[in-house]
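Report on the following structure.
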Amino acid sequence: MPSSLVDGNSLLAVDVGAANTRAVFFDVVEGEYRFVASGSAPSTAEAPFKDVIEGVRAAISNLQAVLGRSLLDGSRDLITPSQPNGSGADALVVTLSAGPTIRTVIVGLLKDVSLESARRLSESTYSRVVETIGLNDRRKPDQQIDSILRARPDLVVITGGTDGGASRSIKKLLEPVGLASFLLPEEKRPAVLFAGNQKMEEAIKELLKSQTASLHFSPNVRPSLETEDLEPAQRELARMFVNIRKRQVKGVELLDLWSGGHILPTGYATGRMVRFLAKVYGTNKGILSVDVGASATVISAGFKGKSTLNIYPQFGLGENLTGLLNYTTLEDILRWSVLDISAGVLRDYLYQKSLYPSAISATKEDLAMSQAVARQALYLAMQSARRDFPRNIASIKPTLAPLFEPILAGGGALSDASRPGQSLLLLLDSLQPVGVTTVILDQNNLLPLLGAAASQNNILPVQVLESGAFLSVGTVVSPVVSASYGTPVLRAKLTYSNGAEARVDLKYGSIEALPLASGETGSLSLQCLHGADVGFGPGRGGSIPVSGGALGVVFDGRGRPLDLPADGVRRRELIKKWIWTLGGE
Amino acid sequence: MQAPVNHIIGLTSIVRERQLPISGTVIARVGQKVSSGDVVAETNLAREHVLLDVARALRVSPTVADSLVKFKLHDRIAASAEIAVGKGLFPRSVRAPREGRVVAVGGGQVLMEVGETKMELRAGIPGTIIELLPNRGVVIQTAGALIQGVWGNGRVDSGLLMNLAEKPDSILTASRLDVSMRGTVILAGIVKDADALQAAADLPVRGLILSSLYPSLLQLAREMRYPIMVTDGFGPLPMNSAAYKLLSTNAKRDVTVNAEVYDRYTGARPEVIIPLPIASDPPPLREVETFAPGLQVRMRRPPALGMIGSIVLLKPGLTTLPSGLRAFAAEVKLENGETVVAPLVNLEVVG
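In structure tokens:
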């Protein structure tokens, strides 16, 4: 038994989302940590409850019913540590994404340098940039003050100046920030993060200390012009997020107390886990995690030496849903729909659904719309996140998605999909992976909870990850090729471990699948036609070991970038065919 | 499982907090009877600021500039008033560009707020002031019918209720509005065209109560100076029968439309209040219920979006829905006699 497995401590992990709250129990089973059970309930950050604790208690109550073990006492408080009678849990960790989007002002010197870093930093939490102040801003200071006041920020992120570099210009930029903050009632003043020139700490304190809700410092995100290091600032921002939520949302303070301070923003906890996975399991391909939820769409990618985390509340499927139309059109959403739905009906759906983010699709038409919306939200989020991926990463074509192994997917929209095939098609459509990759569904949304648990117990995430708590959908082969519909682009032979063989001839525009059950392995020989590239080079084939999953080995011959037929009838027929191939109806 | 409640209730006790966004003066007194349009608190709100760099203008150091400034914090300054004068034979001076008030002085600069406007907080509902919130606002209590909606344009007004919706899915067109409706609150159904909103503004009316509004009209609706409350949502949705029945049977009564912007975190919702005479205090509102057979519910999503029904049975365990999703669900008998299975998260209690 590992030495750091402290007496087999049990762990309760709670995720408070915008729509749902989940409680998950981890414990030692046969000497190793396992995901034991989960319970969920609607979240209660919003009126009429206005207290996240209600939802947390309800989720834990549902978990208790599944577990057959008491976790709450008579006063509905958490029993901790676990008791000799088997009740309680030894520790609690919490991840949190519920609450209004954090209104953020970013301040920096140059648009393409420090302001870009500030933008990336603020995208690592559930924020929306409502005002930008930089050197090239032509407005007078008093106009900037009024703009900040109108923006009503919760947070100000300041970057700029290499260490020991520019300081006068930064002071000048901070004047309107300090004055605007001073003019706000004390309880409405924003929290401020300074992640710029480290030599300025004292000057910044003098300028801003008395005029902000709280002033935080982190190492410079741009210690030199050529280097960017967001990680320490992201960590500080995660702490600030929790503090802001304590002010905004009742019950977060109590959760912080229950968990002994082990509370993290959900997206940040996911990013932490992806960083860890990239370090431990990383190959020359990246690791990608996507989470499509009510509060945001989160894209976290880990590459050798660098990780990125992008949280997009504007692409969340909850209260911000109508805002999606600022980034896309109804027609672009409808291209993904399996049913013939008019733009007007979809528009009404978006507005109506934004009233009730926790409502789910009960009918097929509703599900078709929600899946189309989720596809477009994830597609847009991925396109935006790709701007921040490092250069020189493994790819087949620089204009396409880089090579990933594996792709982990979670969030309400994906766990809502009633069959793995539906989730897989959603991911193939919106992420458009290339080459060979494994797709894993995080149906219980464990990844962020494991990221939060890592601070309590570093063995638990590793053992749970390797325990089969995630659903492997299978191996996906997506050749990069351009051909006309129906042209053969790939020949594949799957040799099972018992020596049996299965073959597929993949035609351009189609999706095919070969069965290979979870836990089974096989050898896949690929012969690329028409210059198709699956990562071995154009037209070059090869053999690779593959592991199975719910859908076995899936071949996506639709080309990259995916080009759907403009004719609606034909397009919907094709989508139906693809869903059918992947086990849907 | 706990259930949110949408209040559509014939008689209840209503208590509402009304607060200024910033500190101000509370005008009302405890025990005072107010109508919805009465001002209960007020404050001055400056829309703009002017930053005067005195040190730079006078070409002196910030410390010297501070000593030359003639005004102190909170002082009022008239337009063109001399704020600071330099020294020497031909001294430079700094004058106020507009009338305003000093909000910060220091570092050789003066920050003024200008363009001050008076902001009045109206009662929003007719009733009795039962508590003062110092420098912020009041708590008002009233009794009557309450109908909550899902969208409001932020305005408030009162007037006689006139029913232009013969049925819950009536469509309001501009041609249906005439001068006899001036100063009234109109109960209408669906609004599809901008003309209808504009015609109501031209009369003007004192309020529109709609079942639904087309999303393309939301911006225009926000710009209207009369209150607009939507009971059911967006697109061509009929009014739910509970709201329609209660509103249509109270035609020709005085009603208040407090079309507050829906805020999911504070719980502020647009609502119509119909004050009614009472002999004794009616029961207060319940904000949360627990799902149980017999409860009256409204469908928040299809199937039967917007329809009212009552819970017949809470299904044990998870139920597979026609979409293929699995959720805790209930059998709901709709008012048209049909029975449907709906996930609990898609239901809200009406009452």
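Protein sequence lines, in the order shown, are assigned to chains Y and B. Residue numbers for the first sequence follow the numbering used here, beginning at 38 and rising by one. Residue numbers for the second sequence follow the numbering used here, beginning at 5 and rising by one. All C-beta atoms in this analysis are idealised placements derived from N, C-alpha and C, irrespective of residue type, glycine included.
Extent of the continuous alpha helix (DSSP H) run through residue i
| i | result |
| --- | --- |
| Y:ALA506 | Neither: Y:ALA506 is in no alpha helix (DSSP H) and is coded neither H nor E. |
| B:TYR266 | Looking at the DSSP string, B:TYR266 is not in any alpha helix (DSSP H), and its letter there is neither H nor E. |
| Y:LYS283 | 268-285 |
| B:ALA247 | 245-252 |
| Y:ASN99 | 89-104 |
| Y:LEU462 | 457-468 |
| Y:GLY215 | 205-220 |
| Y:ILE241 | 238-245 |
Element boundaries [beta strand (DSSP E), containing residue i]
| i | result |
| --- | --- |
| Y:TYR349 | 343-349 |
| B:GLN113 | 113-126 |
| Y:ARG59 | 57-66 |
| Y:LYS225 | Unbroken run through Y:LYS225: none, as it is neither H nor E. |
| B:GLY148 | 141-152 |
| B:ASP57 | 43-57 |
| B:THR294 | 292-294 |
Alpha-carbon spacing of residue i relative to residue j, whole angstroms
| i | j | result |
| --- | --- | --- |
| B:VAL38 | B:ALA32 | 9 Å |
| B:ASP199 | B:LEU181 | 11 Å |
| B:PRO95 | B:ALA88 | 10 Å |
| B:ALA308 | Y:ALA399 | 11 Å |
| B:ALA45 | Y:ILE324 | 57 Å |
| Y:ARG609 | Y:LEU451 | 21 Å |
| B:SER215 | Y:MET277 | 42 Å |
| B:ILE13 | B:THR146 | 14 Å |
| B:TYR269 | Y:ALA82 | 7 Å |
| Y:GLU538 | Y:LEU354 | 43 Å |
| B:GLU339 | B:ILE312 | 6 Å |
| Y:GLY125 | Y:THR474 | 40 Å |
| B:LEU62 | Y:PRO227 | 34 Å |
| B:VAL171 | B:MET303 | The residue asked about is misnamed: residue 171 of chain B is Lys in this sequence, not Val. Going by the C-alpha atoms only, they are around 19 Å apart. |
| Y:ARG153 | Y:THR169 | According to the sequence as given, residue 153 of chain Y is Glu; it is not Arg. Going from the Cα of Y:GLU153 to the Cα of Y:THR169 covers about 11 Å. |
| B:VAL68 | B:SER97 | 14 Å |
| Y:GLU224 | Y:ASP88 | 19 Å |
| B:ILE133 | B:PHE332 | 43 Å |
| B:ALA85 | Y:GLN181 | 25 Å |
| B:LEU221 | B:ASP197 | 7 Å |
| B:ILE282 | B:GLY35 | 17 Å |
| Y:LYS341 | Y:LYS316 | 7 Å |
| Y:GLY54 | Y:ILE444 | 22 Å |
| Y:VAL626 | Y:GLN285 | Outside the shown range of chain Y, which is 38 to 622, sits residue 626 of chain Y, and nothing can be said about it. |
Integer Cβ distance of residue i from residue j, believed to fall under 8 Å
| i | j | result |
| --- | --- | --- |
| B:ILE213 | B:VAL189 | 7 Å |
| Y:ALA409 | Y:LEU371 | 6 Å |
| B:HIS244 | B:GLY310 | Correcting the residue identity first, residue 244 of chain B is Asn in this sequence and not His. With a Cβ gap of about 5 Å, B:ASN244 and B:GLY310 count as contacting. |
| Y:PRO394 | Y:ALA56 | 5 Å |
| Y:LEU588 | Y:GLY536 | Going by Cβ atoms, the distance from Y:LEU588 to Y:GLY536 rounds to 22 Å, so no, they are not a contact pair. |
Contact with chain C by residue i, beta-carbon distance below 8 Å
| i | result |
| --- | --- |
| B:GLN6 | Within the model displayed, chain C is absent; protein chains Y and B are what it includes. |
Counting pairs of beta carbons, one from the segment 310-322 of chain Y and one from the segment 363-381 of chain Y, are three or more of them closer than 8 Å?
-> Contact fails: fewer than three Cβ-Cβ distances are below 8 Å.
Interface residues of the segment 337-366 of chain Y facing chain B [CB-CB below 7 Å] | Of all residues in the segment 337-366 of chain Y, GLU356 have a Cβ within less than 7 Å of some Cβ in chain B.
Below 8 Å between beta carbons is the criterion; list the residues of the segment 397-423 of chain Y that meet it against any residue of chain B, in chain order.
-> Listed by position, the residues of the segment 397-423 of chain Y near chain B (Cβ gap below 8 Å) are ILE397, SER398, ALA399, THR400, LYS401, GLU402, ASP403, LEU404.
Three or more C-beta pairs below 8 Å linking the segment 467-481 of chain Y and the segment 399-417 of chain Y | Contact holds: three or more Cβ-Cβ distances are below 8 Å.
Are the segment 229-245 of chain Y and the segment 179-199 of chain Y touching, with three or more C-beta to C-beta distances below 8 Å?
-> Touching, yes.
Inter-stretch contact (C-beta, 8 Å, three-pair minimum) for the segment 51-59 of chain B and the segment 166-183 of chain B | At 8 Å Cβ cutoff, the stretches do not touch.
Quick one, which residues of the segment 177-200 of chain Y are near chain B if we go by CB-CB under 7 Å, in chain order?
-> Answer set for the segment 177-200 of chain Y: PRO178, ASP179, ILE182, ASP183.
Contact between the segment 128-148 of chain Y and the segment 237-244 of chain Y (3+ Cβ pairs under 8 Å) | Contact annotation: the segment 128-148 of chain Y does not touch the segment 237-244 of chain Y, with fewer than three C-beta pairs closer than 8 Å.
Mind checking the segment 14-29 of chain B against chain Y and listing, in chain order, the residues whose C-beta falls within less than 8 Å of any C-beta there?
-> Look at the segment 14-29 of chain B: the residues with a C-beta under 8 Å from a C-beta of chain Y are ILE26, SER27.
Taking a Cβ distance cut-off of 7 Å, strictly less, list which residues of the segment 300-333 of chain B are near chain Y, in chain order.
-> Answer in chain order: ARG304, ARG305, PRO306, PRO307, LEU325, PRO326, SER327, GLY328, LEU329, ALA331.
Against chain B: residues of the segment 83-98 of chain Y by CB proximity under 8 Å = Going along the segment 83-98 of chain Y in chain order, one finds GLU83, ALA84, PRO85, PHE86, LYS87, GLU91, ALA95 with a Cβ nearer than 8 Å to chain B.
Taking a Cβ distance cut-off of 9 Å, strictly less, list which residues of the segment 365-389 of chain Y are near chain B, in chain order.
-> For the segment 365-389 of chain Y, which is checked against every Cβ of chain B, the residues closer than 9 Å are GLY381, VAL382, ARG384, ASP385, TYR386, LEU387, TYR388, GLN389.
Can you find at least 3 beta carbon pairs, one from the segment 304-311 of chain Y and one from the segment 102-111 of chain Y, that sit closer than 8 Å?
-> At 8 Å Cβ cutoff, the stretches do not touch.
Pull out every residue of the segment 68-96 of chain B whose Cβ sits closer than 8 Å to any Cβ of chain Y, in chain order.
-> Of all residues in the segment 68-96 of chain B, none has a Cβ within less than 8 Å of some Cβ in chain Y.
Give a yes or no on contact between the segment 510-527 of chain Y and the segment 479-488 of chain Y, applying the rule of three or more CB pairs nearer than 8 Å.
-> With the cut-off at 8 Å, the segment 510-527 of chain Y and the segment 479-488 of chain Y do not touch.
Pull out every residue of the segment 48-61 of chain B whose Cβ sits closer than 7 Å to any Cβ of chain Y, in chain order.
-> For the segment 48-61 of chain B, which is checked against every Cβ of chain Y, the residues closer than 7 Å are GLU52, HIS53, VAL54, LEU55.
Proximal residues, the segment 235-253 of chain B versus chain Y, C-beta separation under 7 Å = Hits within the stretch, in order: GLY237, PHE238, GLY239.
Can you list, in chain order, the residues of the segment 333-347 of chain B whose Cβ is nearer than 9 Å to any Cβ on chain Y?
-> Here the close residues are ALA333, VAL344, VAL345, ALA346, PRO347.
For the segment 274-293 of chain B, which residues have a beta carbon sitting closer than 7 Å to at least one beta carbon of chain Y?
-> Per Cβ criterion, the list reads GLU291, VAL292.
Any chance the segment 380-390 of chain Y sits against the segment 420-439 of chain Y, with 3 or more Cβ pairs inside 8 Å?
-> Contact between the segment 380-390 of chain Y and the segment 420-439 of chain Y is absent, because fewer than three Cβ pairs lie under 8 Å.
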